[in-house]
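In numbering that gives the first Met the number 0, the protein residues as written are 0 to 216. Heads up, the beta-carbon is just placed ideally off N, CA and C, and yes, glycines get one too. Accompanying notes for the structure given below.
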Amino acid sequence: MNKRPCVILVADSNMAATFRGYFNRDGWNLSLGCAPFEINTDVGADLLVDEGGNDPGVYTKGHELLRPYQNSHHCALVVLDCEWEGSPGKIAIVERITARLVASGWSENAVKVIAIDPELENWLWQDKPQVADALRYKEDKPLRQHLADSGWWPLGIAKPPRPKEAAEWVMKQTRQPRSSAIYQKLAEHISIKGCTDAAFVEMHEAFLAWFPLEVSP
């Protein structure tokens, strides 16, 4: 049986939508400099969501959820937030899930655990007009300045200190519910090269290692 390239386990539907938007981009791999690989973003194919839709579920049983995919996929990526009640912190999260994946039968070189500190929204915040468009912000004052003036994103720092709460505050201002569709739209349009979050860089490096771009002699 020919194995699929990669299975991705995420903690909730917003993360799934983010990856769906990311992989739906034309030439998405070119932004990362890795070789293209086939990924089916239908939930249950190459993209899995914890049935409970939460980070603790991925932390405690991620290895069990991915065990059936050892024979069908070459690599496994696990993505969850660092901030949740009872979280042991980034280092402990990565070490424990990785150890359990390896103990369950995965090769250590074939798994990567990405713990986003503090949470997913850190990947989506950029000082770009596409972010304002996705959040339906239409005021005369630029969104970045509006967030600075309101204390959500002080000038001079790369990301809002509370990225999730900042996003929810803007959506409340624009009178739209928080939904997976917003996350997918953001992921479809933000600058991949402009994402400097440490966890995103770690994922980038994993894709480069697993799917290196072939250089013509």
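Check: Residues that DSSP places opposite L46 in a beta bridge; Outcome: I7, V42
Check: Alpha-carbon spacing of A16 relative to D148, whole angstroms; Outcome: 30 Å
Check: Of the listed residues D116, W124, K140, nearest to W83 (C-alpha basis); Outcome: D116
Check: Among V130, H145, P4, nearest to Y68 - alpha-carbon criterion; Outcome: P4
Check: Residue nearest to W48 in terms of C-alpha spacing, selected from D11, N28, R135, V78; Outcome: What sits at residue 48 in the sequence shown is Val, not Trp. Of the listed residues, the one whose Cα sits closest to V48 is D11.
Check: G43 versus V77: straight-line alpha-carbon distance, rounded; Outcome: 14 Å
Check: Boundaries (first-last residue) of the alpha helix (DSSP H) holding A208; Outcome: 197-209
Check: Where the alpha helix (DSSP H) containing L100 begins and where it ends; Outcome: 89-102
Check: Outcome for G26 when other beta-carbon atoms lying within 10 angstroms are tallied against a minimum of 16; Outcome: exposed
Check: Which of helix, strand or coil DSSP assigns to A75; Outcome: strand
Check: Neighbourhood of R217 by C-beta, 7 Å cutoff - its chain only, sequence neighbours within 5 removed; Outcome: Since the first residue shown for the chain is 0 and the last is 216, residue 217 is missing from the structure and cannot be characterised.
Check: Start and end residues, alpha helix (DSSP H) containing I181; Outcome: 179-188
Check: Buried versus exposed call for K2 [16 or more other C-beta atoms within 10 Å across all chains shown]; Outcome: exposed
Check: Own chain partners of L154 with C-beta closer than 7 Å, once the 5 adjacent residues on each side are dropped; Outcome: A147
Check: Residues near Q125 by beta carbon distance below 8 Å, same chain, minus five either side; Outcome: I189, S190, G193, C194
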